[in-house]
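What follows is one structure encoded as structure tokens, with my remarks underneath.
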Amino acid sequence: MPSSTWLLYGATGYTGELIAEEAAARGHRPVLAGRAERKLRPLAGRLGLEYRVADLRDAAALDRALADAALVLHAAGPFIHTAAPMVQACLRRGAHYLDITGEVPVFEYTLGLDAEARAAGITIMSGVGFDVAPSDCLAKYVAEQLPGATALEIAVMGLGGLSAGTAKSGLEHMARGAMVRRAGKLVTLRLGAGARRVRFPARGGRASREHLALIAAWGDLSTAYRTTGIPDITTYLTFSRRLVETLRWAGPLAQEVMRLAPVRRLAQAWVERVVRGPDERAREAGCGRVWARASAGRGQAREAWLVTPEPYAFTALSAVTCVEQVLDRRTAAGALTPAQAFGADFVLTIPGVQRYDRLE
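Just so you know, the sequence shown maps onto residues 7 to 366 in our numbering.
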């Protein structure tokens, strides 16, 4: 177990608390951090950990919070509003930066800081949770089976109950619409575009059935492009038939409404009040599923699937494992994706993950 001091920012959020509990269970002593002492104090007391109060808008307070930290795991979203000040603090203090974002603009930002990270001698790595560690690893796996692949499709299933943080980030995504990568460039589509069916396995990989999915702005549009170099990438999320049909005709209207900042703020305030995330029973019963398919000309293709623990449970496991790997100096300085840093089989080191090359 690494002895270096590391800081968990956003520790009192739904996912942050799961990460704090997983870290403590493994014998880590992370410093819990956030902006609200009234929330930090009881969590730190329950886990027997130190806490520090720092607002992301106060650069001096962030520098004090990071004074002896070798690494920051950032878990406070929506990351489009929170990542930049923490990344800049890490660059100033020479601390590694990891986060659990799934937001494409944040990946574009952090992956664009490679030169700065190298100069500072730190690792910058976004997406060390369910967004996007499993899909990034699976993208690398299928791409390695088909050198010269020109197109990559990725679909994700299992986002049932959402935390408040994930839901608020989702509202930000709605305002931007769907997205794909074509010829290496990000292209925006209307919300509700590109319905298709994707076959997923159940746990154990024995049974499988098709599910409806829509094109979505998943983080692999950035990370899989960096990891594999494949120029055409499409990412999908599964939805119920009713929601797919609703988004196909009402998606553009919902997108326009969510572009209005006052509406978005009201919706996020409502989410903060009422959304709590899956309870322990739901996390134990649930699972995440990922499909990836790399293709080239003349009908050449390779595909594979992953079945993971429930996405929030997976995030806690994966995020702490990534912290351990980085503190153990298993990554180079620079801005990296999880699969770049740890390889395609990293996801298989997470308990409960299974990979399949074919389905029955």
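Virtual Cβ for every residue (Gly too), placed ideally from N, Cα, C.
Neighbour-count burial assignment, residue i, 16 or more Cβ in a 10 Å radius
{"i": "PRO48", "result": "exposed"}
{"i": "ARG361", "result": "buried"}
{"i": "GLU366", "result": "exposed"}
{"i": "GLY154", "result": "exposed"}
{"i": "THR2", "result": "Shown here, the chain extends from 7 to 366; a query on residue 2 therefore has no answer."}
{"i": "LYS146", "result": "buried"}
{"i": "GLU43", "result": "exposed"}
{"i": "THR194", "result": "exposed"}
{"i": "PRO357", "result": "exposed"}
{"i": "ASP69", "result": "exposed"}
{"i": "SER246", "result": "exposed"}
DSSP-derived helix/strand/coil call for residue i
{"i": "ILE106", "result": "coil"}
{"i": "PRO91", "result": "helix"}
{"i": "SER10", "result": "coil"}
{"i": "THR129", "result": "strand"}
{"i": "VAL359", "result": "coil"}
{"i": "GLY83", "result": "coil"}
{"i": "ARG299", "result": "strand"}
{"i": "GLU122", "result": "helix"}
{"i": "ALA267", "result": "helix"}
{"i": "ALA341", "result": "strand"}
{"i": "LEU354", "result": "helix"}
Closest residue to residue i among the options (Cα-Cα distance)
{"i": "GLY200", "options": "ALA139, GLU159, PRO268 and GLY340", "result": "GLU159"}
{"i": "ARG364", "options": "GLY40, PRO207 and ARG203", "result": "PRO207"}
{"i": "HIS87", "options": "TYR115, GLY349 and TRP12", "result": "TYR115"}
{"i": "GLY292", "options": "ALA81, ARG209, ALA29 and ALA95", "result": "ARG209"}
{"i": "GLY40", "options": "TYR15, ARG63 and GLY51", "result": "TYR15"}
{"i": "ARG32", "options": "VAL134, THR327, VAL359 and LEU312", "result": "THR327"}
{"i": "GLU56", "options": "ARG70, THR18, GLU28 and PRO36", "result": "PRO36"}
{"i": "HIS34", "options": "ARG336, ALA65, ALA50 and GLY358", "result": "ALA50"}
{"i": "ASP142", "options": "ALA76, ALA319 and THR233", "result": "THR233"}
{"i": "GLY133", "options": "ALA350, ILE356 and THR321", "result": "THR321"}
{"i": "LEU97", "options": "LEU77, ALA82 and ARG52", "result": "LEU77"}
{"i": "ALA307", "options": "GLY83, ALA325, ARG187 and LEU152", "result": "LEU152"}
{"i": "PRO111", "options": "SER228, LYS45, SER301 and GLY164", "result": "SER228"}
{"i": "SER214", "options": "ARG287, PHE348, LEU272 and ARG203", "result": "ARG203"}
{"i": "ASP74", "options": "GLY83, ARG52 and ARG99", "result": "ARG99"}
Range of the contiguous beta strand (DSSP E) that encloses residue i
{"i": "ILE239", "result": "238 to 244"}
{"i": "VAL78", "result": "77 to 80"}
{"i": "VAL37", "result": "37 to 40"}
{"i": "LEU220", "result": "214 to 221"}
{"i": "PRO207", "result": "202 to 207"}
{"i": "GLY157", "result": "Rather than Gly, the amino acid found at residue 157 in this sequence is Ala. From DSSP, the beta strand (DSSP E) with ALA157 extends over 157 to 163."}
{"i": "ARG58", "result": "57 to 59"}
For residue i: DSSP bridge partner residues
{"i": "GLU290", "result": "Answer by DSSP bridge pairing: none, since GLU290 is not bridged."}
{"i": "ARG188", "result": "LYS191"}
{"i": "PRO315", "result": "CYS293"}
{"i": "GLY183", "result": "Paired residues: none, contrary to the question."}
{"i": "ARG308", "result": "ALA300"}
{"i": "VAL332", "result": "Looking at the DSSP assignment, VAL332 forms no beta bridge with any residue, so it has no partner."}
{"i": "GLY135", "result": "VAL138"}
{"i": "TYR15", "result": "ALA39 and HIS80"}
Within-7 Å CB hit, residue i to chain E
{"i": "GLN331", "result": "No chain E appears in the structure shown, which is made up of a single protein chain."}
Limits of the alpha helix (DSSP H) - the one that residue i falls within
{"i": "VAL148", "result": "139 to 151"}
{"i": "LEU46", "result": "43 to 53"}
{"i": "LEU24", "result": "20 to 31"}
{"i": "ARG70", "result": "65 to 71"}
{"i": "ARG232", "result": "226 to 234"}
{"i": "VAL344", "result": "Reading off the sequence, residue 344 comes out as Pro, not Val. Segment 344 to 348, the alpha helix (DSSP H) holding PRO344."}
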